[in-house]
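S.K.: This is the structure I want to talk about, given as structure tokens.
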Amino acid sequence: MPCLPKQYSTLSPSFLIQSNFFIKIETMVSKHGGFYEQGSFPSLKILILLLLNSILHKANSGCNNNSFSNSLVPFPPHEILSSLQTLPLDGHFSLSSNEDAAKDFGNIHHFPPLAVLHPKTVSDISRTIKHVFEMGFASELKVAARGHGHSLQGQAQAHGGLVINMESLQGPEIKVHIGEFPYVDVSGGELWINILHETLKYGLAPKSWTDYLHLTVGGTLSNAGISGQAFKHGPQINNIFQLEVITGKGEVVTCSGNRNADLFHGVLGGLGQFGIITRARISLETAPKMVKWIRVLYSEFSTFTKDQEHLISLKNTFDYIEGFVIINKTGILNNWRSSFDPKSPLQASQFNSDGRTFYCLEMAKYFNPDEAELMNQSINHLLSKLSYIQPTLFRSEVSYVEFLDRVHVSEKKLRAKGLWEVPHPWLNLLIPRSEIHDFAEGVFGNILKDTSNGPILIYPVNQTRWNSKTSLVTPEEDVFYLVAFLSSAVPNCTGANSLEHIVSQNKRIIEFYTSAQLKVKQYLPHYSTQEEWQAHFGSQWEVFVERKKAYDPLALLAPGHRIFQKAVSASC
1 MPCLPKQYST
11 LSPSFLIQSN
21 FFIKIETMVS
31 KHGGFYEQGS
41 FPSLKILILL
51 LLNSILHKAN
61 SGCNNNSFSN
71 SLVPFPPHEI
81 LSSLQTLPLD
91 GHFSLSSNED
101 AAKDFGNIHH
111 FPPLAVLHPK
121 TVSDISRTIK
131 HVFEMGFASE
141 LKVAARGHGH
151 SLQGQAQAHG
161 GLVINMESLQ
171 GPEIKVHIGE
181 FPYVDVSGGE
191 LWINILHETL
201 KYGLAPKSWT
211 DYLHLTVGGT
221 LSNAGISGQA
231 FKHGPQINNI
241 FQLEVITGKG
251 EVVTCSGNRN
261 ADLFHGVLGG
271 LGQFGIITRA
281 RISLETAPKM
291 VKWIRVLYSE
301 FSTFTKDQEH
311 LISLKNTFDY
321 IEGFVIINKT
331 GILNNWRSSF
341 DPKSPLQASQ
351 FNSDGRTFYC
361 LEMAKYFNPD
371 EAELMNQSIN
381 HLLSKLSYIQ
391 PTLFRSEVSY
401 VEFLDRVHVS
411 EKKLRAKGLW
421 EVPHPWLNLL
431 IPRSEIHDFA
441 EGVFGNILKD
451 TSNGPILIYP
461 VNQTRWNSKT
471 SLVTPEEDVF
481 YLVAFLSSAV
491 PNCTGANSLE
501 HIVSQNKRII
511 EFYTSAQLKV
521 KQYLPHYSTQ
531 EEWQAHFGSQ
541 WEVFVERKKA
551 YDPLALLAPG
561 HRIFQKAVSA
571 SC
């Protein structure tokens with residue numbers, strides 16, 4: 001931190017603050033330098049505040065973090081913004097019409113930012129964050145990176161702060177590298193759907209996906225990126241060779257498992273707390289052309305989970321395994337007919353699902369057209385070992401792209417009906433295999449009486465496929481389940497379809513597994529207090545805090561998670 005010139009260094013901080021110091025400086029500069037007329041005076045005032053806070057820093061040496069930060073001269077937000085606008089950037093700041101940055105897919109919280117940065121280069125982001133960091137503890141401006149805005153609880157928002165629109169980042173084009181270990185280099189603001197289309201030109205594709213592909217790379221890698229391939233390849237964060245990250249100090253760091261490994265593992269699944277991902281090197285595999293897509297039903301939960309766990313334990317199995325719960329729905333199989341064909345049409349037409357709870361096992365096998373016969377033999381063998389309800393076997397054959405982008409089809413239909421941009425109070429949980437039956441007994445059919453508000457996904461994954469060095473927190477068992485309550489609320493509605501009802505239902509689920517002392521972890525977690533976050537991370541909390549101190553000591557980044565409200569430097 002810079003020091004004041006000698007003629008001012010002996011003055012007390014209180015004198016400098018309480019006197020007309022700024023007025024005298026303003027008069028001096030406007031008379032002699034002409035900077036005020038050029039609009040640079042706010043930046044000069046920022047500089048002076050930096051100098052004053054340097055003195056206060058020394059005057060408060062030996063204090064604790066809180067008393068120190070409380071004694072500093074705060075930077076008025078409009079002056080911080082004025083100083084940011086003097087930075088030599090290729091992109092630009094928008095100060096108005098930033099409504100999109102104050103909402104997300106969750107559509108529950110709406111926190112307007114002070115400004116939005118639309119970067120064109122990585123250096124735009126680096127310079128901006130470094131500028132805010134160098135303001136020190138007295139700056140209360142927080143910074144949130146926003147990708148496609150698919151967060152659920154305002155995690156990509158920055159109330160009164162700065163939002164960085166990562167989709168405007170114009171990095172190098174998507175670059176595919178073929179060879180023994182193929183990979184693709186992409187911008188952190190790139191959408192997975194675009195990566196799919198580009199890598200397919202080379203007959204390649206990423207190994208692990210999310211169910212919805214219109215998300216940015218930086219967004220999913222900051223969480224995990226989980227879908228039906230995770231039992232086999234782990235989540236997306238397990239399939240990354242290298243990252244380029246901008247820390248909370250504004251430093252641009254290239255990291256991997258062998259280079260700056262602590263930052264690399266910290267950022268993966270780190271909820272944006274240690275840095276902003278601006279580039280990623282993603283592992284690829286040979287891509288298939290077609291997918292055999294299968295659904296079957298179970299009436300017994302124990303049989304359903306037994307078959308799921310059997311399939312993910314096999315070496316030669318399906319390429320994608322998921323499942324979902326169906327409670328008190330009419331005409332289940334008839335609804336499937338638009339996309340699937342029943343193996344036994346007559347038996348399927350006679351199947352009655354009214355008022356009952358079923359569990360759907362969803363599977364997919366990748367193949368190329370010349371492999372169809374072998375693929376069908378393999379599927380028939382796998383299905384012969386399962387105990388599903390025979391009339392409920394439905395099959396479909398689609399292209400690889402159609403399968404991976406399947407949720408986007410539903411999105412377009414919902415958008416056409418005005419039902420996409422509604423509140424989505426989702427609850428995503430990771431549950432140990434040893435406790436999944438207790439959870440199901442307490443929730444399905446009890447707390448939840450129907451599934452009219454949205455799908456409930458449920459499927460197991462193998463812990464051995466997940467990298468324990470990342471920041472992602474999972475149950476400590478070899479197999480655990482993802483259970484995702486993907487509810488949609490009807491705006492301005494009361495009753496079972498209202499936001500209030502669904503939020504209350506989610507709270508009852510949380511209260512149930514908490515009181516039952518089930519070792520459940522939230523995925524895409526949302527908590528209100530640091531104590532709750534500490535319980536969430538458990539034994540990993542100390543490592544998480546140490547990484548925050550190392551890479552974002554002023555707690556500038558990702559304020560929407562509400563993990564760190566104040567700076568976490570080891571000393572003042």
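Letter by letter, the sequence shown follows residues 1 to 572 in the UniProt record's numbering.
Cβ atoms here follow ideal geometry from the backbone N, Cα and C, with glycine treated the same way.
It should be emphasised that the depicted structure is a prediction, and the values quoted were computed from it without experimental measurement.
Between which two residues does the beta strand (DSSP E) carrying residue 485 extend?
M.R.: Residue numbering aside, residue 485 sits at position 485 when the sequence shown is read from its first letter. Its beta strand (DSSP E) spans residues 479-485.
S.K.: What number of angstroms, rounded off, separates the C-alpha of residue 244 from the C-alpha of residue 257?
M.R.: Within the sequence shown, the letter at position 244 stands for residue 244. Within the sequence shown, the letter at position 257 stands for residue 257. C-alpha separation (whole angstroms): 13 angstroms.
S.K.: Helix, strand or coil, according to DSSP, for residue 206 in the structure here?
M.R.: Numbered from 1 along the sequence shown, position 206 holds the residue referred to as residue 206. Here residue 206 sits in strand by DSSP.
S.K.: Based on Cα-Cα distance, which residue from 155, 164, 259, 89 lies nearest to residue 527?
M.R.: Along the sequence shown, one-based indexing puts residue 527 at 527. Of the candidates 155, 164, 259, 89, the one whose C-alpha sits nearest the C-alpha of residue 527 is 155.
S.K.: Cβ of residue 436 within 8 angstroms of Cβ of residue 481?
M.R.: Along the sequence shown, one-based indexing puts residue 436 at 436. Along the sequence shown, one-based indexing puts residue 481 at 481. A contact, by the Cβ cut-off of 8 angstroms.
S.K.: Going by C-alpha to C-alpha distance, which of 202, 219, 328 sits closest to residue 167?
M.R.: For the purposes of this step, residue 167 is taken as the residue at position 167 of the sequence shown. It is 219.
S.K.: Whole angstroms is fine: what's the gap from residue 568's alpha carbon to residue 141's?
M.R.: Within the sequence shown, residue 568 is the residue found at index 568, counting from 1. Within the sequence shown, residue 141 is the residue found at index 141, counting from 1. Roughly 15 angstroms separates the two Cα atoms.
S.K.: When the Cα of residue 513 is compared with those of 444, 165, 424, which residue comes out closest?
M.R.: For the purposes of this step, residue 513 is taken as residue 513 along the sequence shown, with counting starting at 1. Nearest option by C-alpha distance: 444.
S.K.: Do residue 456 and residue 324 come within 8 angstroms of each other at the CB atom, strictly closer than that value?
M.R.: As a working mapping, residue 324 is identified with position 324 in the sequence shown. As a working mapping, residue 456 is identified with position 456 in the sequence shown. Contact: yes.
S.K.: Consult DSSP for residue 166 and reduce its assignment to one of helix, strand or coil.
M.R.: Counting from one through the sequence shown, the residue named residue 166 turns up at place 166. DSSP places residue 166 in helix when its eight states are reduced to three.
S.K.: Look up residue 104 in the DSSP assignment and say whether it is helix, strand or coil.
M.R.: In the sequence shown, the residue the question calls residue 104 occupies position 104. Of the three classes helix, strand and coil, the one that applies to residue 104 here is coil, per DSSP.
S.K.: If we ignore side chains and look at the alpha-carbon of each, how far apart do residue 118 and residue 313 end up?
M.R.: Within the sequence shown, numbered from 1, the residue matching residue 118 stands at position 118. Within the sequence shown, numbered from 1, the residue matching residue 313 stands at position 313. So the alpha carbons of these two residues sit roughly 46 angstroms apart.
S.K.: Let me check understanding here. Comparing Cα to Cα, which of 134, 559, 523 lies closest to residue 249?
M.R.: Looking up residue 249 in the sequence shown gives position 249. Looking at the Cα atoms, 134 is the closest of the given residues.
S.K.: For a test of the three-state rule: what should DSSP assign to residue 337, helix, strand or coil?
M.R.: On the sequence shown, position 337 is the one that residue 337 refers to. Coil at residue 337, not helix or strand.
S.K.: Can we say the segment 278-293 touches the segment 176-196, given the rule of at least three CB pairs closer than 8 angstroms?
M.R.: Contact between the segment 278-293 and the segment 176-196 is present, because at least three Cβ pairs lie under 8 angstroms.
S.K.: Just how far apart, CA to CA, sit residue 322 and residue 489?
M.R.: Within the sequence shown, residue 322 is the residue found at index 322, counting from 1. Within the sequence shown, residue 489 is the residue found at index 489, counting from 1. Residue 322 and residue 489: Cα-Cα distance of roughly 24 angstroms.
S.K.: Quick one: residues in its chain with C-beta nearer than 6 angstroms to the C-beta of residue 265, no 5 flanking neighbours on either side, listed in chain order?
M.R.: As a first step, residue 265 is located in the sequence shown; it is residue number 265 there, counting from the start. 469, 470.
S.K.: Going by DSSP, name the residue or residues bridged to residue 252.
M.R.: The count along the sequence shown starts at 1 and reaches residue 252 at position 252. Partner(s): 246.
S.K.: Am I right that residue 215 and residue 237 are in contact with their C-beta atoms under 8 angstroms? What's the rounded C-beta distance?
M.R.: Taking the sequence shown and counting its residues from 1, one reaches residue 215 at position 215. Taking the sequence shown and counting its residues from 1, one reaches residue 237 at position 237. Not really, about 14 angstroms apart at Cβ, beyond 8 angstroms.
S.K.: Ignore the nearest five residues each way along the sequence and tell me which others in residue 434's own chain have a CB closer than 8 angstroms to its CB.
M.R.: Stepping through the sequence shown from its first residue, residue 434 is reached at position 434. Once the five neighbours on either side are set aside, the close Cβ partners of residue 434 are 477.
S.K.: Taking the beta strand (DSSP E) that residue 315 falls in, what are its first and last residues?
M.R.: If you number the sequence shown from 1, residue 315 lands on position 315. Residue 315 -> no beta strand (DSSP E), and no H or E assigned at all.
S.K.: Considering just the uninterrupted stretch of the beta strand (DSSP E) at residue 364, what are its terminal residues?
M.R.: Translated into the one-based positions of the sequence shown, residue 364 becomes position 364. Element bounds for residue 364: 357-367.
S.K.: Pair every Cβ in the segment 488-504 with every Cβ in the segment 417-424, then say whether three or more of these pairs are closer than 8 angstroms.
M.R.: Result yes; three or more Cβ-Cβ pairs closer than 8 angstroms.
S.K.: Looking at residue 153: is its Cβ nearer than 8 angstroms to the Cβ of residue 226?
M.R.: Translated into positions along the sequence shown, residue 153 becomes position 153. Translated into positions along the sequence shown, residue 226 becomes position 226. Result no, Cβ atoms of residue 153 and residue 226 do not sit closer than 8 angstroms.
S.K.: Report yes or no: do three or more beta-carbon pairs, one from the segment 404-413 and one from the segment 340-358, lie closer than 8 angstroms?
M.R.: Contact fails: fewer than three Cβ-Cβ distances are below 8 angstroms.
S.K.: With DSSP as the reference, label residue 148 as helix, strand or coil.
M.R.: The sequence position of residue 148 within the sequence shown is 148, counting from 1. Of the three classes helix, strand and coil, the one that applies to residue 148 here is coil, per DSSP.
S.K.: Since I believe residue 364 is in contact with residue 318 (beta carbons under 8 angstroms), could you give me their beta-carbon distance rounded to a whole number of angstroms?
M.R.: By 1-based counting over the sequence shown, the position of residue 318 is 318. By 1-based counting over the sequence shown, the position of residue 364 is 364. Yes, residue 318 and residue 364 are in contact; Cβ-Cβ is about 6 angstroms, under 8 angstroms.
S.K.: Determine whether the beta carbon atoms of residue 240 and residue 297 lie at a separation below 8 angstroms.
M.R.: The residue you call residue 240 lines up with position 240 of the sequence shown. The residue you call residue 297 lines up with position 297 of the sequence shown. In this structure, residue 297 does not lie closer than 8 angstroms to residue 240 by Cβ.
S.K.: Less than 8 angstroms between the CB atoms is what I'm expecting for residue 279 and residue 442, so what's the real figure, rounded?
M.R.: On the sequence shown, residue 279 is found 279 positions in, with the first residue counted as 1. On the sequence shown, residue 442 is found 442 positions in, with the first residue counted as 1. Not a contact, Cβ separation roughly 44 angstroms.
S.K.: Using only the alpha-carbon positions, how far apart do residue 556 and residue 143 sit?
M.R.: Position 556 of the sequence shown, counted from the start, is the residue given in the question as residue 556. Position 143 of the sequence shown, counted from the start, is the residue given in the question as residue 143. Taking the straight line joining both Cα atoms gives about 6 angstroms.
S.K.: For residue 128, does the count of other Cβ atoms within 10 angstroms reach 16, so buried, or fall short, so exposed?
M.R.: Here the question's residue 128 lines up with position 128 in the sequence shown. Looking at its Cβ environment, which holds 16 or more other Cβ atoms inside 10 Å, residue 128 is buried.
S.K.: Work out the CA separation of residue 124 and residue 89 for me, nearest whole Å.
M.R.: In the sequence shown, counting from the first residue as 1, residue 89 sits at position 89. In the sequence shown, counting from the first residue as 1, residue 124 sits at position 124. Distance between the alpha carbons of residue 89 and residue 124 is about 5 angstroms.
S.K.: Just mark residue 505 as buried or exposed, buried being the case when its beta carbon has 16 or more other beta carbons within 10 Å.
M.R.: As a position in the sequence shown, residue 505 is number 505, starting the count at 1. Buried: at least 16 other Cβ atoms inside 10 Å.
S.K.: How should residue 368 be labelled, buried or exposed, when 16 other C-beta atoms within 10 angstroms of its C-beta is the threshold for buried?
M.R.: What you label residue 368 is simply residue 368 of the sequence shown in a count that begins at 1. Residue 368 is exposed by the Cβ-count criterion.
S.K.: List the endpoints of the continuous beta strand (DSSP E) containing residue 262.
M.R.: Reading the sequence shown from its first residue, position 262 is the one you call residue 262. Here residue 262 belongs to no beta strand (DSSP E); instead the alpha helix (DSSP H) covers 261-267.
S.K.: Among 251, 379, 202, 294, whose alpha-carbon lies nearest the alpha-carbon of residue 337?
M.R.: Indexing the sequence shown from 1 puts residue 337 at position 337. Ranking 251, 379, 202, 294 by Cα distance to residue 337 puts 294 first.
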